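Visitor: Questions regarding the structure given below will be posed in turn.
There are 2 protein chains.
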Amino acid sequence: MNPHIAPVELAKAYRLLNHGPTVLVSASHAGVDNVMAAAWACALDFAPPKVTVVLDKSTKTRALVEAGGRFVLQVPAARQLALTQAVGNMTLADDPDKLEKCGVTLFRIDGETAPLVEGCAAWLACRLVPEPHNQQTYDLFIGEVEAAWSDTRVFAEGHWHFEQAGPGWRSLHHVAGGHYYAIGEPLDGNAGA
Amino acid sequence: MNPHIAPVELAKAYRLLNHGPTVLVSASHAGVDNVMAAAWACALDFAPPKVTVVLDKSTKTRALVEAGGRFVLQVPAARQLALTQAVGNMTLADDPDKLEKCGVTLFRIDGETAPLVEGCAAWLACRLVPEPHNQQTYDLFIGEVEAAWSDTRVFAEGHWHFEQAGPGWRSLHHVAGGHYYAIGEPLDGNAGA
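Top to bottom, those sequences are chains F and E.
First residue of the first sequence: 604, per the working numbering; consecutive thereafter.
First residue of the second sequence: 604, per the working numbering; consecutive thereafter.
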């Protein structure tokens with residue numbers, strides 16, 4: 604495993620999503636792995652940490668989450684822009700070689716059954732909290748974060764270090780149609796007006 | 604009213620939140636107005652557009668949303684950093700002059716009962732979609748966006764123009780404890796690897 608990957612304490616896991624990055628959602632069931640992109644993912648609680656993510660009924664990843672009961676949200680880095688765009692626009696249902704064509708390499712960690720995407724900045728391994736009404740009515744899924752990790756070159760000691768890590772490590776923030784913004788410069792809200 | 608404010612067509616309203624900005628939540632009931640900051644707000648659907656936002660039970664704004672059934676999510680700009688930090692750290696329950704002390708000026712638009720915060724980049728006026736289980740269990744509120752507006756100096760023709768609008772117009776992305784990032788530079792996901 605990449606020696607830069609280290610656990611993130613659960614009390615600080617929300618910080619991996621708090622700034623609103625577009626994420627990759629991965630899941631596995633019965634030997635089938637898949638990864639999709641999702642801009643509609645959000646922190647939901649601090650302790651235990653929970654997240655929400657919207658998974659359209661057309662996605663194969665959703666079926667894997669429903670069947671397997673687990674998923675991983677990961678924060679892709681700017682140098683994974685093409686990969687992020689590709690997994691968001693190709694479906695495993697039509698293209699069994701989706702992951703290979705999109706340049707996705709998966710790995711497993713610490714007995715987590717859901718696969719993780721190599722090269723990301725951070726990962727949150729989630730247990731699905733079943734809420735059938737939300738899932739059916741709103742395509743809204745809730746997960747409890749049971750473990751989290753970061754690449755310590757960009758998130759360490761509970762803090763993002765985008766400004767030191769180089770432009771390839773910036774998080775991606777999708778607007779629409781393949782138009783993204785990278786996260787930008789730090790601002791200190793405690794510095795006064 | 605600020606002559607730069609123009610309606611955003613509902614089909615494109617999700618783009619105001621899609622890149623994950625920290626928002627201000629405003630609401631009004633029985634003559635009481637309030638505004639809070641929320642990093643945990645997210646698009647939920649395209650048509651009709653819906654949003655989610657997490658409103659802690661300790662907040663006065665939540666009580667106004669529950670009583671009045673409406674709220675506005677607005678996207679503050681970087682030059683509103685101090686205001687955003689202030690409304691997120693002061694409560695109307697303890698400080699009846701909160702809004703004045705935080706430098707918030709409110710305005711009304713088009714018969715919308717919830718107040719809007721002057722100087723923001725965009726506004727989404729929402730009708731609460733009552734979901735008592737989500738509200739009680741997860742502090743999770745769903746709104747249907749019934750109208751949206753932007754300041755056309757930074758969002759026009761369905762697109763953000765952060766790169767032309769100047770640094771004071773960048774959206775704010777809170778991580779924790781008053782540490783924010785501004786949104787950064789555009790990246791084209793359709794440009795190839």
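We put the CB at the ideal spot given by N, CA and C, even for glycine.
These numbers were taken from a predicted model, which means no experiment stands behind them.
Per DSSP, what kind of secondary structure is residue 735/E in: helix, strand or coil?
Guide: DSSP places residue 735/E in helix when its eight states are reduced to three.
Visitor: Using 8 Å as the cut-off, can you tell me whether the stretch 627-645 of chain E makes contact with the stretch 679-692 of chain E, which would need three or more C-beta pairs spanning the two stretches below that distance?
Guide: Yes: the two stretches touch, three or more of their Cβ pairs being nearer than 8 Å.
Visitor: So residue 641/F is in the alpha helix (DSSP H); what residue range does that whole segment cover?
Guide: Looking at the DSSP string, residue 641/F is not in any alpha helix (DSSP H); the run it does join, the beta strand (DSSP E), is 635-641.
Visitor: Less than 8 Å separating the beta-carbons of residue 661/E and residue 718/E?
Guide: For residue 661/E and residue 718/E, no; Cβs fall outside 8 Å.
Visitor: Alpha carbon to alpha carbon, how far is residue 670/E from residue 634/E? Give it in angstroms, no decimals.
Guide: Going by the C-alpha atoms only, they are around 12 Å apart.
Visitor: For chain E, find out if any of its Cβ atoms is closer than 8 Å to the Cβ of residue 716/F; answer yes or no.
Guide: Judged by the 8 Å Cβ criterion, residue 716/F is not in contact with chain E.
Visitor: Does any residue of chain F have a CB that is nearer than 8 Å to the CB of residue 784/E?
Guide: Yes, residue 784/E lies at the interface with chain F (some Cβ there is under 8 Å from its Cβ).
Visitor: Indicate whether at least one CB of chain F lies closer than 8 Å to the CB of residue 791/E.
Guide: For residue 791/E, the answer is yes, since a Cβ of chain F falls inside 8 Å of its Cβ.
Visitor: I'd like to confirm the pairing. Which residues does DSSP put opposite residue 772/E in its beta bridges?
Guide: DSSP lists no partner for residue 772/E.
Visitor: Using DSSP's beta-bridge definition, name the partner residues of residue 653/E.
Guide: BP columns for residue 653/E point to 648/E, 747/E.
Visitor: In the structure shown, what three-state DSSP assignment does residue 711/E receive?
Guide: It is coil, neither helix nor strand.
Visitor: When you compare the CB of residue 768/E with every CB in chain F, is at least one pair closer than 8 Å?
Guide: With 8 Å as the cut-off, residue 768/E does not count as an interface residue toward chain F.
Visitor: What did DSSP end up calling residue 717/F once you bin it into helix, strand or coil?
Guide: Residue 717/F: coil per DSSP, three-state reduction.
Visitor: Buried or exposed, going by whether 16 or more other CB atoms sit within 10 Å of the CB of residue 736/F?
Guide: Flag for residue 736/F reads exposed.
Visitor: Excluding the 5 residues flanking residue 709/F on each side, which residues of the same chain have their C-beta closer than 8 Å to its C-beta?
Guide: Once the five neighbours on either side are set aside, the close Cβ partners of residue 709/F are 629, 636, 638, 702, 718, 719, 720, 721.
Visitor: So, does the CB of residue 614/E fall closer than 8 Å to a CB anywhere in chain F?
Guide: False, the Cβ-Cβ gap to chain F never drops below 8 Å.
Visitor: Using 8 Å as the cut-off, can you tell me whether the stretch 750-761 of chain F makes contact with the stretch 607-616 of chain F, which would need three or more C-beta pairs spanning the two stretches below that distance?
Guide: Touching, per the Cβ criterion.
Visitor: Between residue 735/F and chain E, is any beta-carbon pair separated by less than 8 Å?
Guide: False, the Cβ-Cβ gap to chain E never drops below 8 Å.
Visitor: Roughly how many whole angstroms lie between the Cα atoms of residue 663/E and residue 632/E?
Guide: C-alpha separation (whole angstroms): 11 Å.
Visitor: Starting from the C-beta of residue 802/E, find all residues in its chain whose C-beta is less than 7 Å away, skip the five residues before and the five after it, and write them out in chain order.
Guide: A question about residue 802/E goes unanswered here, because the residues of chain E that appear run from 604 up to 796.
Visitor: Would you report the Cα separation of residue 796/F and residue 750/F, rounded to the nearest angstrom?
Guide: The predicted position of residue 796/F is uncertain, since its pLDDT is 44 and thus under 50; no value can be drawn from it.
Visitor: Counting C-beta neighbours from all protein chains within 10 Å, is the total for residue 711/E 16 or more, i.e. buried, or is it exposed?
Guide: Under this definition residue 711/E is an exposed residue.
Visitor: Do residue 754/F and residue 608/F have their C-beta atoms closer together than 8 Å?
Guide: Yes, the pair counts as a contact, with Cβ atoms nearer than the cut-off.
Visitor: DSSP three-state call for residue 790/E: helix, strand or coil?
Guide: Three-state DSSP puts residue 790/E in a strand.
Visitor: Who are the near neighbours of residue 705/E in its chain, counting only those whose CB is closer than 8 Å to its CB and skipping five residues on each side?
Guide: Taken in chain order, the residues that qualify are 638, 686, 689, 690, 693.
Visitor: Step through the CB atoms of chain E and report whether any lies within less than 8 Å of the CB of residue 646/F.
Guide: Residue 646/F counts as touching chain E.
Visitor: Expressed to the nearest angstrom, what Euclidean distance is found between the alpha-carbon atoms of residue 741/F and residue 733/F?
Guide: Taking the straight line from one Cα to the other gives about 13 Å.
Visitor: Please say whether residue 680/F and residue 728/F have beta carbons closer to each other than 8 Å?
Guide: No, the pair does not count as a contact, with Cβ atoms beyond the cut-off.
Visitor: Residue 696/F by DSSP, collapsed to three states: which one?
Guide: Coil at residue 696/F, not helix or strand.
Visitor: Terminal residues of the continuous alpha helix (DSSP H) containing residue 685/F?
Guide: Counting along the chain, the alpha helix (DSSP H) containing residue 685/F begins and ends at 684-690.
Visitor: Between which two residues does the beta strand (DSSP E) carrying residue 666/E extend?
Guide: First-last for residue 666/E: 663-671, but that is the alpha helix (DSSP H), not the beta strand (DSSP E).
Visitor: For residue 796/F, does the three-state DSSP call read helix, strand or coil?
Guide: Since pLDDT at residue 796/F reaches only 44, below the 50 mark, its modelled position is unreliable, and the value read off the structure follows with that caveat. Correct three-state label for residue 796/F: coil.
Visitor: Closest by CA to residue 808/F, which one among 604/F, 786/F, 778/F?
Guide: Nothing about residue 808/F can be read from this structure; chain F reaches only from 604 to 796.
Visitor: By the criterion of Cβ-Cβ separation under 8 Å, what are the contact partners of residue 781/F in chain E?
Guide: Result: 791, 792, 793.
Visitor: So, are the CB atoms of residue 793/F and residue 771/E less than 8 Å apart?
Guide: No, the Cβ-Cβ distance between residue 793/F and residue 771/E is not below 8 Å.
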